[in-house]
Structures are given as C-alpha cells and as structure tokens.
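Colleague: One structure coming up, written as structure tokens, with questions to follow.
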Amino acid sequence: MSALVIVGGLPGSGKSTIAERAARMIHGALIAKDVVEATLWRSGIGREANSGWAGYELLSSLADAQLRVGGSAVLDSVAAYDRLRDGWREIGRRHGATVQEVECICSDERTHRSRIEARQRNIPGWYELTWQEIEDVRSRYEPWRGEHLVLDAVRPLEDNLSALEAYLRGAR
54 MSALVIVGGL PGSGKSTIAE RAARMIHGAL IAKDVVEATL WRSGIGREAN SGWAGYELLS
114 SLADAQLRVG GSAVLDSVAA YDRLRDGWRE IGRRHGATVQ EVECICSDER THRSRIEARQ
174 RNIPGWYELT WQEIEDVRSR YEPWRGEHLV LDAVRPLEDN LSALEAYLRG AR
C-alpha cells in the first residue's frame, strides 16, 4: 500500500532531517518545499511571482503523481496552514494511500534560535532564514488537528527517530 507522510513544523525544528529519514523508512520519494522553491528561484520565478504558493502546488502535484503510480511520498514543508494539510490528506485518500502526519517542534526558544542562526543547508539558490522570519511564520502558523506525531528537537535525535519508526510502522 502507498503511503503519504506529511512532515511539517517551523523552520529549524528538525523537519528536513525527520523527512529524509521517513523517506528512507517507507522507501518513498522525498519532496521538499525548500528544494522545489529554490529551483523556481534559480529559474527566475521569485517571491514577487508567488513562488511560495507555486512551490506548494508543485509539492501537491508531485505527491499526486507519485501516489498515482503506486509509490509513496514524504512531503517536507512548514505546512503552516491547515488547508494545505487538508489538500494533501485528500490526495492521499484519493489514491487509497495511508496518510500519516508528523509535526516537528522545538520547545526551547533559545535552542530553536541557536539552530536557526547556526544552520547551513547548502540548497542551491536558497537562503538561510533569520529569526525574525521564523517569528513571522510562527504568527501565522495554524495548529495541527487530528491524529499526528509530535517530535521535539530538544529530545535526542535517536529518540525522535525511534518514535518516528514506531509511528510509521503502526499504520502498516
């Protein structure tokens, strides 16, 4: 059975690391918003042309295509709005896929800020966010509803990966 795993949370909460591991665990395609949007920017489609929403549309289209051929996918994005998550849930349902959701948080603000200020992801065409941008995203971030796994970046990575593996196996 195909699976769609939605991994979201504020930037700097560890979601890309979790999404990469989830993709390996389910043998699915990793579809990362920052990579997709950076590709748009390198192609001359910037923020003024609404690259953010275009990136989300591309995530949806790529997930839909992957599930259509019986594959599995992991979406890696902030997923700040419930309407985005609703759309992805619907894509999964339409293809009969198992849909699982993982919200990554960092419950300690000092640790979170330190993670943002120190990170270097080296995505061609992308930039590293400032703490002010994180606070802006947080102000618009809508709570997740329904069943989902919450992983806190202040916990050891191995503990979070064990919880992730147990959660993903629980639906299979």
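Going left to right, the sequence shown walks through residues 54 to 225 as the numbering used here numbers them. Each residue gets a CB set at the ideal place from its N, CA and C atoms; glycine is no exception.
Would you give the residue range spanned by the alpha helix (DSSP H) that residue 214 belongs to?
Modeller: Residue 214 -> alpha helix (DSSP H) spans 210 to 223.
Colleague: Got a sec? Which residues, its chain only, sit under 7 angstroms from residue 214 by beta carbon, not counting five neighbours each side?
Modeller: Closer than 7 angstroms at Cβ, skipping near neighbours: 74.
Colleague: Touching or not, the stretch 181 to 194 and the stretch 93 to 113, by the rule of three or more beta carbon pairs under 8 angstroms?
Modeller: The answer is no - the stretch 93 to 113 does not touch the stretch 181 to 194, with fewer than three Cβ pairs under 8 angstroms.
Colleague: For the alpha helix (DSSP H) containing residue 145, list its first residue and its last residue.
Modeller: Run containing residue 145: 135 to 147, per the alpha helix (DSSP H) assignment.
Colleague: Out of 158, 145, 126, 151, point me to the one whose CA is closest to residue 133's CA.
Modeller: Checking every option, the nearest Cα to that of residue 133 belongs to 158.
Colleague: Closest by CA to residue 264, which one among 114, 178, 104, 54?
Modeller: This structure gives no information on residue 264, because the portion of the chain shown stretches from 54 to 225.
Colleague: Once the 5 residues before and after residue 102 are set aside, which same chain residues still bring their CB inside 7 angstroms of it?
Modeller: The answer is none, since no qualifying residue turns up.
Colleague: When DSSP labels each residue in this structure, what does residue 105 get in the three-state scheme?
Modeller: Reduced to three states, the DSSP call for residue 105 is helix.
Colleague: Would you say the beta carbon of residue 161 comes nearer than 8 angstroms to a heavy atom of the ligand NAP?
Modeller: Questions concerning the ligand NAP fall outside what the structure shown contains, since it holds no ligand whatsoever.
Colleague: Just verifying my parser: in three-state terms, what is the DSSP assignment at residue 60?
Modeller: Here residue 60 sits in strand by DSSP.
Colleague: With distances taken between CB atoms, is the gap from residue 206 to residue 127 smaller than 9 angstroms?
Modeller: No, these two residues do not count as a Cβ contact at 9 angstroms.
Colleague: Measuring straight from C-alpha to C-alpha, what distance separates residue 119 and residue 174?
Modeller: Computed Cα separation, rounded: 25 angstroms.
Colleague: Drop a sphere of 10 angstroms on the beta-carbon of residue 122, count the other beta-carbons inside from all chains shown, and report buried for 16 or more, exposed for fewer.
Modeller: Answer is exposed; the Cβ neighbour count stays below 16.
Colleague: Could you compute how far the alpha carbon of residue 177 sits from the alpha carbon of residue 219?
Modeller: In a straight line, the C-alpha of residue 177 is about 33 angstroms away from that of residue 219.
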